[in-house]
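Trainee:
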Amino acid sequence: EAGVAQSPRYKIIEKRQSVAFWCNPISGHATLYWYQQILGQGPKLLIQFQNNGVVDDSQLPKDRFSAERLKGVDSTLKIQPAKLEDSAVYLCASSLGLRGGAKNIQYFGAGTRLSVL
Amino acid sequence: AQKVTQAQTEISVVEKEDVTLDCVYETRDTTYYLFWYKQPPSGELVFLIRRNSFDEQNEISGRYSWNFQKSTSSFNFTITASQVVDSAVYFCALSNEDDKIIFGKGTRLHILP
Chain R
551 EAGVAQSPRY KIIEKRQSVA FWCNPISGHA TLYWYQQILG QGPKLLIQFQ
601 NNGVVDDSQL PKDRFSAERL KGVDSTLKIQ PAKLEDSAVY LCASSLGLRG
651 GAKNIQYFGA GTRLSVL
Chain V
447 AQKVTQAQTE ISVVEKEDVT LDCVYETRDT TYYLFWYKQP PSGELVFLIR
497 RNSFDEQNEI SGRYSWNFQK STSSFNFTIT ASQVVDSAVY FCALSNEDDK
547 IIFGKGTRLH ILP
């Protein structure tokens, strides 16, 4: 079974530029998550989708970050304009999405490492 | 509020030694889930184990074992006879029934040959 796919693996941009990350979750997984992982810290949830609807985006800096999952499968996370403090690894994860129970295990992609200069 | 504390920032041991990674959590929920993930240098978080709050049985999987104690709010992870391939950052995490995971800051483990 294919895992969570993310691209690109690395991105270097200058501040105030825009950038987009793509995620393809595990087939059949209804729930998709985007995390930000700053160096030396654990991942922090940015946004959670259930199918194509947003479940939680309370920690997404909406003035510059946006995300969509139009057909309930792939997802895109965008930053516009980027700031220096956005330098981090952006991780995508997916789960079957059944509330609680044994199906809430999240599987992660390899992430996109963003450097903002 | 939920919180996960991994007090050990970095640990180094010589290969074949046993090593225990500590995890202490805080939650007001009666139903919750605890996880351990491994993050090798490649960057992907690899799922190791999930435990729910009603199951305090310890678990062993090969060289890995987990000790869940609700009385001390701890979920510690032991690697027996460590190997160089075990070198990674290990994250303990906590979620409620909303499936939102809170991660600890991680413990970087170095296994020296």
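Chains as they are written, first to last, in the working numbering: chain R, 551 to 667; chain V, 447 to 559.
The C-beta atom is built at its ideal place from N, Cα and C for all residues, glycine as well.
None of these values were measured; they are calculated from a predicted model.
Could you tell me the boundaries of the beta strand (DSSP E) in which R:Gln600 lies?
Mentor: Along the first sequence, one-based indexing puts residue 600 of chain R at 50. Lys594 to Gln600 is the extent of the beta strand (DSSP E) around R:Gln600.
Trainee: Is V:Asp532 helix, strand or coil when you go by DSSP?
Mentor: Along the second sequence, read from residue 1 onward, the residue named residue 532 of chain V stands at position 86. Three-state result, V:Asp532: helix.
Trainee: Beta carbons nearer than 8 Å to chain R: which residues of the stretch 492-505 of chain V have them?
Mentor: Within the stretch 492-505 of chain V, the residues whose Cβ lies closer than 8 Å to some Cβ of chain R are Val492, Phe493 and Arg496, listed in chain order.
Trainee: Per DSSP, which residues does R:Gly603 bridge with? Please list them.
Mentor: If you number the first sequence from 1, residue 603 of chain R lands on position 53. BP columns for R:Gly603 point to R:Gln600.
Trainee: Is V:Thr553 near V:Tyr536, with beta carbons less than 8 Å apart?
Mentor: In the second sequence, counting from the first residue as 1, residue 553 of chain V sits at position 107. In the second sequence, counting from the first residue as 1, residue 536 of chain V sits at position 90. Against a cut-off of 8 Å, the Cβ pair of V:Tyr536 and V:Thr553 comes out as a contact.
Trainee: Shortest alpha-carbon distance to V:Ser511 belongs to which of V:Asp545, V:Val465, V:Ser517 and V:Glu472?
Mentor: Residue 511 of chain V sits at position 65 when you count from the first residue of the second sequence. When only C-alpha atoms are compared, the closest one is V:Val465.
Trainee: Hey, out of V:Gln529, V:Glu472, V:Val460 and V:Glu461, whose CA is closest to V:Phe549's CA?
Mentor: Within the second sequence, numbered from 1, the residue matching residue 549 of chain V stands at position 103. If we check each option's Cα against that of V:Phe549, V:Glu472 comes out closest.
Trainee: In the stretch 459-485 of chain V, which residues sit with their C-beta less than 9 Å from some C-beta in chain R, listed in chain order?
Mentor: Those would be Thr477, Tyr479, Phe481, Tyr483 and Gln485, in chain order.
Trainee: Checking contacts by CB at 8 Å: is V:Phe537 closer than that to chain R?
Mentor: One-based indexing of the second sequence puts residue 537 of chain V at position 91. Yes, V:Phe537 lies at the interface with chain R (some Cβ there is under 8 Å from its Cβ).
Trainee: Taking only beta-carbon atoms, is V:Ile457 less than 8 Å away from chain R?
Mentor: Counted from its first residue, the second sequence places residue 457 of chain V at position 11. No - not a single Cβ of chain R is within 8 Å of the one on V:Ile457.
Trainee: Which same chain residues end up closer than 6 Å to V:Asn498 when comparing Cβ atoms and leaving out the 5 residues on each side of it in sequence?
Mentor: The residue given as residue 498 of chain V occupies position 52 in the second sequence. For V:Asn498, where only same-chain residues beyond five positions count, the Cβ hits under 6 Å are Tyr479.
Trainee: Using the Cα positions of R:Ser637 and V:Gln485, report the straight-line distance between them to the nearest angstrom.
Mentor: As a first step, residue 637 of chain R is located in the first sequence; it is residue number 87 there, counting from the start. As a first step, residue 485 of chain V is located in the second sequence; it is residue number 39 there, counting from the start. If you take the alpha carbons of R:Ser637 and V:Gln485, they lie about 19 Å apart.
Trainee: Name the residues in the stretch 543-556 of chain V whose C-beta lies less than 7 Å from a C-beta of chain A; which are they?
Mentor: Of the chains in the structure shown, none is chain A; the protein chains are R and V.
Trainee: Report the three-state DSSP secondary structure of V:Ser458 (helix, strand or coil).
Mentor: What you label residue 458 of chain V is simply residue 12 of the second sequence in a count that begins at 1. DSSP places V:Ser458 in strand when its eight states are reduced to three.
Trainee: What are the boundary residues of the beta strand (DSSP E) that includes V:Val450?
Mentor: On the second sequence, position 4 is the one that residue 450 of chain V refers to. Where V:Val450 is concerned, the enclosing beta strand (DSSP E) stretches over Lys449 to Thr451.
Trainee: According to the neighbour-count rule (16 or more other Cβ atoms, all chains shown, within 10 Å of its Cβ), is V:Pro487 buried or exposed?
Mentor: The sequence position of residue 487 of chain V within the second sequence is 41, counting from 1. Result: exposed.
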